[in-house]
Amino acid sequence: MNFGAYGGDHGASQFGGGGFMASPAPGHGNQYGGGGGGGGKSKNAQSLRAFTIRHLLKETASADDDSFRADGHDIGTVTVVGRVTHFQEQATRVSLQVNDGTGSVEVTSWLDGQDTPGQKRLDWQVGRYVRVYGNLKLFDRKPSITGFCVKAITDHNEVTYHFLQAVMQHLHLTKGAPPQGAPAPAPGMGMAGPAKTPGGYGAPAAGGYGAPFAAAPAARGGDLHSDLKAVFNLPHALNAPNGLSVEQAIAELQRMGRNVSAAEVMAACEFLAAEGVVYSTCNDTTFKSTGS
Amino acid sequence: MEDPSPRVNFETMQRYHGRKVILCGQITSIENGCVRLQTADKGEVTVTGGSAPYEGRFVEVLGTVSSPNTIQELEHVNLNDNFSLEMFNELVKLSHKDAYIGMFST
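Protein chains in written order, with the working numbering: chain A, 1 to 292; chain B, 1001 to 1106.
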């Protein structure tokens, strides 16, 4: 299940392969925060951030015009997920009140005469969960979202996912990216299966951070793929010019307490290579992480 | 800003007596309009006062905590069978950590 694909690449999705590359520190440009300080507004307007409504309203409470900032970064496009608590359709626009349990915000969506694909007004019933993409605006000094896309949520895991994403983006912008190439041994962060413990931020359990691979289902062999990926992302494996041979990878896996056959590891390496996580170097049985 | 309705599990529900919360759980039985749920942290919660039908295995209940293991329902949302209670539980734990509670409540 790939929620990163909802509405295209909306950044910071370790599940969607959206190229969530670690930026060196807060304040540097990245996909959803724009550059802090003197960054050009036009660039910031391209960013997209997931918010809890409370966080959004809190951070923007002191704004007196339409230039909002949160976590020290300009806000461009925002996405919130919540239940529709009020719905009013007028000739040219629809107003919704959306409540996500943390707060409530008004969303105005202008109608252009026809429903666009994936966006059906019929789905915006009171009591249903929707995901809103839009821009934050002040109307009568009250913040509201001008939504350019409102979609009904059909899989409730997306609600959980949204809040986790909001926390992750907040952390990324306030504390900086986790170290690049951090091993990712935590299984189950993918949406497909039940989550184990996601672990603390920045801990080794950050889970497929920045990798295009995490959305792939754990096929046969359990979590061999993610373990193997972690092995190829070990510092010494990243630093070695040719990466690791399959034999070395097996040795690393054994050190992690996994006993797997060479054939299984070879198959897993080929799988990771097909996914773009690793590539073969000096020969067909030596692989190196693409560093993503 | 209006009062939040925090997402809770059995453990964190105890902090919100008399307040509105959002609880996700797995339906274990339905009798006489009382729905019994098991939460992700293995608590048993009885939901009273629901009017709309319950469907599927999982449900999200918005309601008021009326006793340590009872919620008076205001509304509920039926969830897909692939809903991950475990992940919801992780979110609940995260959203009650001091560092992030400001994003969710208070």
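C-beta: ideal position from N, C-alpha, C; glycine also.
| B:Ser1051: contacting residues in chain A (beta-carbon distance under 8 angstroms) | Your numbering for residue 1051 of chain B matches position 51 in the second sequence. Within 8 angstroms Cβ-Cβ: nothing; B:Ser1051 doesn't reach chain A, min ~12 angstroms.
| said: Within a Cβ cutoff of 8 angstroms, which residues of the same chain sit near B:Leu1085, ignoring the five residues on either side of it in sequence? | reply: For the purposes of this step, residue 1085 of chain B is taken as the residue at position 85 of the second sequence. For B:Leu1085, the CB contacts under 8 angstroms within the same chain, skipping 5 residues up- and downstream, are Cys1024, Gly1025, Gln1026, Thr1039, Ala1040, Phe1058 in chain order.
| task | For B:Phe1010, return the contacting residues in chain A, with the cut-off set at a CB-CB distance below 7 angstroms. | result | Translated into positions along the second sequence, residue 1010 of chain B becomes position 10. Chain-order list of chain A residues neighbouring B:Phe1010: empty, with the shortest C-beta distance near 17 angstroms, by a criterion of under 7 angstroms.
| request: Measure from the C-beta of A:Arg83 to each C-beta in chain B and report whether the shortest distance is under 9 angstroms. | output: For the purposes of this step, residue 83 of chain A is taken as residue 83 along the first sequence, with counting starting at 1. Using a CB distance cut-off of 9 angstroms, A:Arg83 counts as an interface residue toward chain B.
| Mind listing which residues of the segment 50-80 of chain A have their C-beta closer than 8 angstroms to chain B's C-betas, in chain order? | Of all residues in the segment 50-80 of chain A, Thr52, Arg54, His55, Leu57, Lys58 have a Cβ within less than 8 angstroms of some Cβ in chain B.
| said: Here's the rule: buried if 16 or more other CB atoms are within 10 angstroms of the residue's CB, otherwise exposed. What is A:Tyr279? | reply: The count along the first sequence starts at 1 and reaches residue 279 of chain A at position 279. For A:Tyr279, the number of other beta carbons within 10 angstroms of its own is below 16, and it is reported as exposed.
| query | So which residues on chain A does B:Tyr1100 lean against when the C-beta distance must stay under 7 angstroms? | reply | Counting from 1 along the second sequence, the entry for residue 1100 of chain B is found at position 100. Within chain A, the residues Val167 have their CB atoms less than 7 angstroms from the CB of B:Tyr1100, given in chain order.
| query | So which of B:Thr1106, B:Thr1028, B:Phe1088 has the shortest CA-CA distance to A:Glu158? | reply | Here residue 158 of chain A is taken as the residue at index 158 of the first sequence, counted from 1. Of the candidates B:Thr1106, B:Thr1028, B:Phe1088, B:Phe1088 places its Cα closest to the Cα of A:Glu158.
| field | Spatially closest choice to A:His55 from A:Ile75, A:Gln46, A:Asp65, by CA coordinates | value | Within the first sequence, the letter at position 55 stands for residue 55 of chain A. Relative to the Cα of A:His55, the nearest Cα in the group A:Ile75, A:Gln46, A:Asp65 belongs to A:Ile75.
| Hey, how far is the Cα of A:Ile53 from the Cα of A:Val107? | Here residue 53 of chain A corresponds to residue number 53 of the first sequence, with the count starting at 1. Here residue 107 of chain A corresponds to residue number 107 of the first sequence, with the count starting at 1. Each residue's alpha carbon lies about 12 angstroms from the other.
| So which residues on chain A does B:Ser1067 lean against when the C-beta distance must stay under 9 angstroms? | Position 67 of the second sequence, counting from 1, holds the residue named residue 1067 of chain B. Here the premise fails: no neighbours, minimum Cβ distance about 21 angstroms.
| Is B:Thr1106 helix, strand or coil when you go by DSSP? | Your numbering for residue 1106 of chain B matches position 106 in the second sequence. Residue state, collapsed to three classes: coil.
| request: Just the chain B side, please: which residues come within less than 8 angstroms of A:Ser144 by C-beta, in chain order? | output: Residue numbering aside, residue 144 of chain A sits at position 144 when the first sequence is read from its first letter. By Cβ distance, chain B contributes nothing, its closest Cβ being about 14 angstroms from A:Ser144, past 8 angstroms.
| message | For A:Arg93, count the other beta carbons within 10 Å of its own beta carbon; 16 or more makes it buried, fewer makes it exposed. Which is it? | response | As a working note, residue 93 of chain A is residue 93 in the first sequence. Looking at its Cβ environment, which holds fewer than 16 other Cβ atoms inside 10 Å, A:Arg93 is exposed.
| request: Quick one: residues in its chain with C-beta nearer than 8 angstroms to the C-beta of B:Gly1033, no 5 flanking neighbours on either side, listed in chain order? | output: If you number the second sequence from 1, residue 1033 of chain B lands on position 33. For B:Gly1033, where only same-chain residues beyond five positions count, the Cβ hits under 8 angstroms are Thr1048, Gly1049, Gly1050.
| request: If I'm right that A:Val150 touches A:Leu111 with Cβ under 8 angstroms, what's the distance once you round it to whole angstroms? | output: The residue labelled residue 150 of chain A in the question sits at position 150 within the first sequence. The residue labelled residue 111 of chain A in the question sits at position 111 within the first sequence. At roughly 11 angstroms, the Cβ-Cβ gap does not stay under 8 angstroms, so A:Val150 and A:Leu111 are not in contact.
| If the cut is a Cβ gap below 8 angstroms, which residues of chain A does B:Ile1027 touch? | By one-based count along the second sequence, residue 1027 of chain B stands at place 27. Within chain A, no C-beta atom comes nearer than 8 angstroms to that of B:Ile1027; the closest sits roughly 14 angstroms away.
| request: With a threshold of 16 other CB atoms inside 10 Å of the CB of A:Gln165, please say whether the residue is buried or exposed. | output: Working through the first sequence from its first residue, we reach residue 165 of chain A at position 165. With 16 or more Cβ atoms within 10 Å of its Cβ, A:Gln165 is classed as buried.
| query | Near B:His1096, which residues of its chain fall below 6 angstroms by C-beta distance, leaving aside the five closest residues on each side in sequence? | reply | Taking the first residue of the second sequence as 1, we reach residue 1096 of chain B at position 96. Cβ within range, chain order: Thr1012.
| said: Can you pull out the residues from the segment 137-163 of chain A whose beta carbon lies closer than 7 angstroms to at least one beta carbon of chain B? | reply: Those residues of the segment 137-163 of chain A that come within reach of chain B (Cβ to Cβ, closer than 7 angstroms) are Asp155, His156, Asn157, Thr160, Phe163.
| message | Output needed for A:Thr281: all residues of its chain with C-beta closer than 6 angstroms, excluding positions within five of it in sequence on either side, in chain order. | response | What you label residue 281 of chain A is simply residue 281 of the first sequence in a count that begins at 1. Cβ-Cβ distances below 6 angstroms link A:Thr281 to Asn242, Gly243, Lys288 in the same chain, with the five nearest sequence neighbours on each side left out; the list follows chain order.
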